[in-house]
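**Q**
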Amino acid sequence: MNRLAVFSMLVFGLVFCSCQSEKVQGQSETIQVDLNNALTGLTLSSFLEDPDFILLKDPPETLLVTPYQFQFKNNKIFVRDLDYNNIHVYSKNGEFLNAILSSGEGPQEFIQINDFFVTEDQVIIQDTFLRKIIVFDHEGNFTSERKHLINNSRFAFSADKFVYYMANDPEFDGRNFLIEEDGEISARLQPIETELEGSGKFLLANSFVPLGGERFLFYRPYTYQMNYLDLKMGRIEKSISFDFGEAQLTPAQHVVSIVQRNKLLTERNLVPNFTSVLPTSNGTLISFFRGFQKRYYLHLSQDQKSTVLISEPENDIIPIALNFPWTTDGSRIYYFLKSIDFYNQYVAGFTGKKVSIEAGNIHDFFQKNKDLLIEDRTLLISFKVKDTIQELMKNP
C-alpha cells in the first residue's frame, strides 16, 4: 500500500472518529438567567390550570409511609416508599392495586431500592446492596433477576438497553452516563468535571424522565444542567445548562460541607440546585429556591428557545399551601402532601362559607373523601401547565 493511500486512510479514520465523538456528545447550550428580571405579582392561575385531586388509598396492612418517587404507566401510579423500600401500585384514581414488597436477601427477593423504572409490563428494581437488578410484572409477580455490579445511582430502560447515571464516580473512564446493551457497555458519555469527581450520590425525587420513544431527560445533581439522552442513537442529544451569574454555586462549592454550603447559600443569596425539573407536553417547568427563601418557577419552551421566570406566585386556585411540584406524568405536574394537612386547611378556609359543589372540584372531592382525608394518607394535587405560559413574558 502506498504512502498516499495510508495517509488517506488515517485522515479518514480521524475524521470518522471525530464525527462519532461529536455524534455521541451532542449539542451543548448555556442559557443565561437574570433573577432580577423575574416576573412578580403573578398568581398560580396565570400559568397553571385544571386542578385534580387523587387520594392514595392504602389497606391498613400495607401503608405508604414515606412516598418519594412516582412513576405513571398504563393508567397506574407506582410509588416508591423511601423508608420501607416497597413499591405501591394504584389505579389512576388512587385505588390500591398491589404492592411489591422488600422481603429479604434471597433469590427472587430484594431488600433495598436504589432506583426503579416502570415499562409497559415490568417494574425493574435496582438493589445495590444485593448487587442485582430484579424484575416484576405490574401485578407484583417475579419474572427475572440478574447480577448488577455497576455502582450507579440511577437508571432507565428502553428496548433492551439500560442507561446508568454514575453520580460523578469516575470508574468508567471518568464518564457519567453508561449505555448497556446485551450485557455490554456500548457507550460512555459526558466527562465528569474534576471538581465533582467522587462527590457522592444525591437523592432525587425524579430519575430519568421518559420523553417518548427511547429519549429521556435527566437533571444532574450538583449542577444546573439538564441532559437529553437518546438510547436508540446511543448518545446525549443535547445538554442545557443554566447560568445564574453571581447567584450560583461553582462546581467546587457544590461539594463543600453542608455547613459551609448552607452558609454560602444564605449569606450570598444563591441558588442551591433545582428542586424539580418536569417536562410536559408544552415545555419543561423547573422549580428552585434562592437563598432558601424565595421560590422561582422557570419555564423552558418546547422548542427550547425561550424562557419565562416567575417569582413567588400567589396560590389563587385553591386555599391549600403547596410547596414545589414534585413529579410529572408527561402532561400534568404533581404536588403531594399529607391528607390531614389538606383536611385542616380546607376546613379553615371554607368553614361558614357558601360553596358550590361541582363534579371534580375541590368541594366535591372533599365531600366524597372527608372521612379518609382525616387519616394520615398521601394526597396528589395535579395541574396542567397552560399553553399560554410563554406569553407572560410578552404581557408581564
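Per UniProt numbering, residue 1 is the first one in the sequence shown, and the count goes up by one each step.
From the three backbone atoms N, C-alpha and C, an ideal C-beta is built for every residue, glycine too.
Please give the ranges of any beta strand (DSSP E) in the region 271-346, keeping only runs that are unbroken, at least 3 residues long and fully inside the region.
**A** Qualifying beta strand (DSSP E) stretches, in chain order: 276-280, 283-290, 294-301, 307-311, 333-338.
**Q** Please state whether DSSP places R175 in a helix, a strand or coil.
**A** The answer is strand: DSSP assigns R175 an E or B state.
**Q** Contact between the region 107-124 and the region 166-179: three or more CB pairs below 8 Å?
**A** Not touching, per the Cβ criterion.
**Q** Check this for me: beta carbons of F289 and P313, under 8 Å apart or not?
**A** No; because the gap between Cβ atoms is not below 8 Å, this pair is not in contact.
**Q** Between the Cα of P251 and the Cα atoms of D341, I192, I340, which residue gives the shortest distance?
**A** For P251, the nearest C-alpha among the options comes from I192.
**Q** For residue 422, count neighbouring Cβ atoms within 10 angstroms of its own Cβ and tell me buried if that reaches 16, exposed if not.
**A** Because the chain spans 1 through 396 in this model, residue 422 falls outside it and cannot be assessed.
**Q** Within 10 angstroms of its Cβ, does T284 collect 16 or more other Cβ (buried), or is it exposed?
**A** Label assigned to T284: buried.
**Q** When the Cα of I31 is compared with those of G360, L298, R175, which residue comes out closest?
**A** The shortest Cα separation from I31 among G360, L298, R175 belongs to L298.
**Q** Can you tell me whether DSSP reads V355 as helix, strand or coil?
**A** DSSP places V355 in coil when its eight states are reduced to three.
**Q** Please state the DSSP three-state secondary structure of M166.
**A** Here M166 sits in coil by DSSP.
**Q** Report the rounded CA-to-CA distance for H254 versus D81, giving the unit in angstroms.
**A** Looking at the two C-alpha atoms, the distance is approximately 28 Å.
**Q** Can you tell me whether R131 is helix, strand or coil according to DSSP?
**A** It is coil, neither helix nor strand.
**Q** Applying the criterion that 16 or more other CB atoms from any shown protein chain within 10 Å of the CB defines a buried residue, is V33 buried or exposed?
**A** V33 should be labelled buried.
**Q** Starting from F72, trace the beta strand (DSSP E) both ways and give me its first and last residue.
**A** Here the beta strand (DSSP E) through F72 covers 67-73.
**Q** Among the residues of its own chain, which have a CB less than 7 Å from the CB of M1, if the five just before and after it don't count?
**A** Confidence in M1 is poor, its pLDDT being 46 and thus under 50, which makes the residue's placement unreliable; the coordinate value appears in the next sentence. There are no such residues.
**Q** Does DSSP put L392 in a helix, a strand or coil?
**A** Of the three classes helix, strand and coil, the one that applies to L392 here is helix, per DSSP.
**Q** Helix, strand or coil, according to DSSP, for A99 in the structure here?
**A** Three-state result, A99: strand.
**Q** Closer than 6 Å by C-beta to D58: which residues in its own chain qualify, once you throw out the five before and the five after it? Chain order, please.
**A** Around D58: L64, F96.
**Q** Give me, in chain order, the residues of the same chain whose beta-carbon lies closer than 8 Å to that of K23; leave out the 5 immediate sequence neighbours on both sides.
**A** Only weak support exists for where K23 lies, its pLDDT of 41 falling under 50; the value from the coordinates is given anyway. Around K23: M233, R235.
**Q** Tell me, to the nearest whole angstrom, how far the beta carbon of I77 is from that of I87; I am working on the premise that it is less than 8 Å.
**A** Not really, about 11 Å apart at Cβ, beyond 8 Å.
**Q** Can you name the start and end residues of the alpha helix (DSSP H) that D371 belongs to?
**A** Segment 362-373, the alpha helix (DSSP H) holding D371.
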